[in-house]
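Novice: First the structure, then my questions, so here it is.
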Amino acid sequence: MTIDTLVVLAYFFFLVAIGWMFRKFTTSTSDYFRGGGKMLWWMVGATAFMTQFSAWTFTGAAGRAFNDGFVVVILFLANAFGYFMNYIYFAPKFRQLRVVTAIEAIRQRFGKTSEQFFTWAGMPDSLISAGIWLNGLAIFVAAVFDIPMEATIVVTGLVLMLMAVTGGSWAVVASDFMQMLVIMAVTITCAIAAYFHGGGLGNIVDNFHGDFMLGNNLNYVSIFILWVVFIFVKQFGVMNNSINAYRYLCAKDSENARKAAGLACVLMIVGPLIWFLPPWYVSAFMPEFAEQYASMGDKAGDAAYLAFVQNVMPAGMVGLLMSAMFAATMSSMDSGLNRNAGIFVCNFYSPIVRPHASQRELVLVSKATTIMMGLIIIGIGLFINSLRHLSLFDIVLNVGALIGFPMLIPVLLGMWIRKTPDWAAWATLIVGGLVSYIFGISLQADDIEHFFGLEQALTTREWADLKVGLSLAAHVIFTGGFFVLTTRFYRGLSPEREQEVEQLFTNWNTPIVAESEEQQNLDTKQRSMLGKLISVAGFGILAMALIPNEPTGRLLFLLCGSIVLSVGVLLVNAAKSPNQTLASNKN
Numbered sequence: 010m011t012i013d014t015l016v017v018l019a020y021f022f023f024l025v026a027i028g029w030m031f032r033k034f035t036t037s038t039s040d041y042f043r044g045g046g047k048m049l050w051w052m053v054g055a056t057a058f059m060t061q062f063s064a065w066t067f068t069g070a071a072g073r074a075f076n077d078g079f080v081v082v083i084l085f086l087a088n089a090f091g092y093f094m095n096y097i098y099f100a101p102k103f104r105q106l107r108v109v110t111a112i113e114a115i116r117q118r119f120g121k122t123s124e125q126f127f128t129w130a131g132m133p134d135s136l137i138s139a140g141i142w143l144n145g146l147a148i149f150v151a152a153v154f155d156i157p158m159e160a161t162i163v164v165t166g167l168v169l170m171l172m173a174v175t176g177g178s179w180a181v182v183a184s185d186f187m188q189m190l191v192i193m194a195v196t197i198t199c200a201i202a203a204y205f206h207g208g209g210l211g212n213i214v215d216n217f218h219g220d221f222m223l224g225n226n227l228n229y230v231s232i233f234i235l236w237v238v239f240i241f242v243k244q245f246g247v248m249n250n251s252i253n254a255y256r257y258l259c260a261k262d263s264e265n266a267r268k269a270a271g272l273a274c275v276l277m278i279v280g281p282l283i284w285f286l287p288p289w290y291v292s293a294f295m296p297e298f299a300e301q302y303a304s305m306g307d308k309a310g311d312a313a314y315l316a317f318v319q320n321v322m323p324a325g326m327v328g329l330l331m332s333a334m335f336a337a338t339m340s341s342m343d344s345g346l347n348r349n350a351g352i353f354v355c356n357f358y359s360p361i362v363r364p365h366a367s368q369r370e371l372v373l374v375s376k377a378t379t380i381m382m383g384l385i386i387i388g389i390g391l392f393i394n395s396l397r398h399l400s401l402f403d404i405v406l407n408v409g410a411l412i413g414f415p416m417l418i419p420v421l422l423g424m425w426i427r428k429t430p431d432w433a434a435w436a437t438l439i440v441g442g443l444v445s446y447i448f449g450i451s452l453q454a455d456d457i458e459h460f461f462g463l464e465q466a467l468t469t470r471e472w473a474d475l476k477v478g479l480s481l482a483a484h485v486i487f488t489g490g491f492f493v494l495t496t497r498f499y500r501g502l503s504p505e506r507e508q509e510v511e512q513l514f515t516n517w518n519t520p521i522v523a524e525s526e527e528q529q530n531l532d533t534k535q536r537s538m539l540g541k542l543i544s545v546a547g548f549g550i551l552a553m554a555l556i557p558n559e560p561t562g563r564l565l566f567l568l569c570g571s572i573v574l575s576v577g578v579l580l581v582n583a584a585k586s587p588n589q590t591l592a593s594n595k596n
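See below:
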């Protein structure tokens, strides 16, 4: 058994341990799906950050960084912009909705029909996204351990599902924080190695194959600009709507939700510059690396980050990177597992199938549903793996633009435009589906070339970027425009519905402040348990310095382990001294 395999197995043990340790935190559906709304800002910020981060970052996105340089960073800066708007305004508001699942807020705003519509329409998007992320992880695992992709998807999917079922949202969010630390520690270490091996950032950029700022295969800069503009529009919509409010429903109060968004924003600005230095190095100094991964076919470019770790980093670092991959994927799959199970149980099973079910029954059904969702995600991951001719980068963006974005428009605009009929939400979703079909499926590159009389044919990259940009623009104009037009059909609501909507907006504008002694004790328990877990992980990484390597290789493990251990020690000390800044309950 190799060192890398031992490291990954040790990490698997950690995942199961987290789920087991936090199992007693779950006594109700609120605990299972959102931690009872009692979590501290640094835990919530970590999970908010990690939901936009997965193994795809190190496969599809790293492959794009290898081919097109700085372009991929724009997508993550758009995420940072979304989190910044969370911090400025939306995050506290979402927490103040006072719901267990985001779909409950849609019921309050648009009624029961829209609740069911969004319950079932939203699941395919998050399930497909989770399947994509699982497939991205399998690319890494299969290349490292020489295991068939299909077997990798099944085994890793089952392991990730086990942790989510055991501990619910407490385990998922707690593991997100630890995983964020592991990922940042590993990637900082890799970035430092790339920086010094490459002779500095300037030298890496100078030797990059192609145009570092705009990328390759680009004849029309205007298409690139359109893509940039609408990627920012898309990520603003993705981050600032009540469907994705689930990120902040876990926070213990309004101010903790705001701080969580601030942490996610900072991490998303700093992260890309660290994550993509290794694939830029590979493009500059190892351009023929793909020959090592011929078995991956057209997706060999997605192994750029792995190639750097295998060829430049010390023995054992691949195992640590694999652990980071599992970390990233697990947190992202939560949207397809825990969140989807929550929506199914709280917005379908409980109100319609079993209105008088006990909390014990609902928690059991929640766990069974999580297992079902996990199996569906594994199936989707296997299907996506069969689509070897498609770029993983493009699959992610197309799924978001064609399926996810239309759902966001009514729930985003609905919090600003109040006088709309209840049917406005589900009708807008149908219009959005038609727009997606026309601009995302029917429209072809030839149509654009003929319509504008282009002299040069669109490259594969240009058509992929243009397709995303046009789809998003069409949704803003047509789907958004339709929702605004529904105000002309507003004739008032029933007294019962008026009261529901009024209560929703009252909650939206009423801050939550958590100061109880029970909450303070829970805060201390969160810090103590996580601090001890993270400290153990830090010591484990430090111990990897004993692996036979060059002195510089041993130093890299010491650096990585020190980063993780320092945070663990800080948390343990904060649990002992609740009055310290980190431990303040009045943050």
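According to my numbering, the sequence shown is numbered sequentially starting from 10.
No residue lacks a Cβ here, since even glycine has one placed at the ideal position from N, Cα and C.
Source: prediction; values computed, not measured.
Which two residues bound the contiguous alpha helix (DSSP H) that contains A19?
Specialist: Looking at the DSSP string, the run of the alpha helix (DSSP H) that includes A19 is I12 to M30.
Novice: Please determine if the stretch 512 to 530 and the stretch 127 to 141 are in contact, where contact requires at least 3 C-beta pairs separated by less than 8 Å.
Specialist: With a cut-off of 8 Å, the stretch 127 to 141 and the stretch 512 to 530 do not count as touching, because too few Cβ pairs lie within range.
Novice: Between N144 and I27, what straight-line distance do the alpha-carbon atoms span, to the nearest angstrom?
Specialist: If you take the alpha carbons of N144 and I27, they lie about 24 Å apart.
Novice: By the DSSP assignment, the alpha helix (DSSP H) with N394 in it spans what residues?
Specialist: Note, N394: alpha helix (DSSP H), Q368 to S395.
Novice: Which class does A260 belong to by DSSP, given the choice of helix, strand or coil?
Specialist: Of the three classes helix, strand and coil, the one that applies to A260 here is strand, per DSSP.
Novice: Excluding five sequence neighbours on each side, which residues of the same chain lie with their C-beta closer than 7 Å to the C-beta of L580?
Specialist: The answer, listed in chain order, is R536, L539, G540 and I543.
Novice: Does the structure place the stretch 113 to 127 close enough to the stretch 416 to 427 that three or more beta carbon pairs sit under 8 Å?
Specialist: Yes, since at least three Cβ pairs between the stretch 416 to 427 and the stretch 113 to 127 fall closer than 8 Å, the two stretches touch.
Novice: Just to check my reading of the structure: Q117 and Q453 have Cβ atoms closer than 8 Å, yes? What is that Cβ distance to the nearest angstrom?
Specialist: About 42 Å separates the two Cβ atoms, so there is no contact after all.
Novice: For G54, I'd like the list of residues in its chain whose CB is within less than 6 Å of its CB, leaving aside the five on either flank, ordered along the chain.
Specialist: Hits under 6 Å: A269, L272 and A273.
Novice: Closest to F90 by C-alpha separation, out of W236, L227, I387 and V242, would be which residue?
Specialist: Measuring from the Cα of F90, the nearest candidate turns out to be V242.
Novice: So D431 is in the alpha helix (DSSP H); what residue range does that whole segment cover?
Specialist: From DSSP, D431 is part of no alpha helix (DSSP H); its letter is neither H nor E.
Novice: Quick one: Cα of V362 to Cα of I232, how far?
Specialist: Approximately 49 Å between the Cα atoms of the pair.
Novice: Just checking my contact of V195 with L329 at CB under 8 Å: how many whole Å lie between their CB atoms?
Specialist: V195 to L329, Cβ: 5 Å. Contact.
Novice: Under the three-state reduction of DSSP, which class applies to M277: helix, strand or coil?
Specialist: Three-state DSSP puts M277 in a helix.
Novice: State the DSSP-derived secondary structure class of F186, mapped to helix, strand or coil.
Specialist: Correct three-state label for F186: helix.
Novice: With a cut-off of 8 Å on the beta carbons, I'd call M326 and V182 a contact; round off their distance for me.
Specialist: Rounded, the Cβ-Cβ distance is 27 Å, inconsistent with contact.
Novice: Rounding to the nearest angstrom, what Cα-Cα distance links T515 and T468 in this structure?
Specialist: Going by the C-alpha atoms only, they are around 51 Å apart.
Novice: Could you tell me how far apart the beta carbons of Y290 and G207 are, in whole angstroms, since I believe they sit closer than 8 Å?
Specialist: The Cβ separation is near 5 Å, so the contact holds.
Novice: Between the Cα of W179 and the Cα atoms of L24, F461, I192 and W517, which residue gives the shortest distance?
Specialist: For W179, the nearest C-alpha among the options comes from L24.
Novice: Indicate the three-state DSSP secondary structure (helix, strand or coil) for M48 in the structure shown.
Specialist: M48 falls in the strand class under three-state DSSP.
Novice: Where are the alpha helix (DSSP H) runs, 4 residues long or more, that stay fully inside the stretch 458 to 490, in chain order?
Specialist: With a minimum length of 4 residues, the continuous alpha helix (DSSP H) runs that stay inside the stretch 458 to 490 are 469 to 483.
Novice: Look at the Cβ atom of V275, then the Cβ atom of C199, and state whether they are nearer than 8 Å.
Specialist: No. Outside cutoff.
Novice: Does DSSP classify F99 as helix, strand or coil?
Specialist: It is helical.
Novice: Should A552 be labelled buried (16 or more other beta-carbon atoms within 10 Å of its own) or exposed?
Specialist: Label assigned to A552: exposed.
Novice: What do you get for K595, buried or exposed, if any count of 16 or more other CB atoms within 10 angstroms of its CB means buried?
Specialist: Bear in mind that a pLDDT of 40 at K595, under 50, signals an unreliable position, so the number given afterwards is only what the model happens to contain. The residue is exposed, with fewer than 16 neighbouring Cβ atoms inside 10 Å.
Novice: Does the stretch 461 to 476 come close enough to the stretch 428 to 435 to have 3 or more Cβ pairs within less than 8 Å?
Specialist: Counting Cβ pairs under 8 Å, fewer than three are found: no touch.
Novice: Check whether the Cβ atoms of G547 and G562 lie closer than 8 Å to each other.
Specialist: Not in contact: G547 and G562 (Cβ atoms no closer than 8 Å).
Novice: With a Cβ-Cβ cutoff of 8 Å, do A71 and F285 count as a contact?
Specialist: Yes, these two residues count as a Cβ contact at 8 Å.
Novice: Decide if the stretch 387 to 398 is in contact with the stretch 349 to 359; the criterion is three or more beta carbon pairs, one per stretch, under 8 Å apart.
Specialist: No, the stretch 387 to 398 does not touch the stretch 349 to 359.
Novice: Do you know offhand how far E526's Cα is from V164's?
Specialist: Cα to Cα, E526 sits roughly 43 Å from V164.
Novice: What residue from L443, M322 and S332 has the CA that sits closest to N6's CA?
Specialist: Look at the range of the chain in this structure, 10 to 596, and you will see that residue 6 is not part of it.
Novice: If contact is defined by three or more beta carbon pairs under 8 Å, each pair taking one atom from either stretch, is the stretch 99 to 112 in contact with the stretch 257 to 264?
Specialist: Touching, yes, given that three or more Cβ pairs across the two stretches are closer than 8 Å.
Novice: Taking only runs that begin and end inside the stretch 530 to 586, name each unbroken alpha helix (DSSP H) of 4 or more residues, in chain order.
Specialist: The qualifying runs are 560 to 585.
Novice: Tell me whether the stretch 83 to 99 and the stretch 497 to 509 touch, counting them as touching only if at least three CB pairs, one residue from each stretch, are closer than 8 Å.
Specialist: Not touching, per the Cβ criterion.
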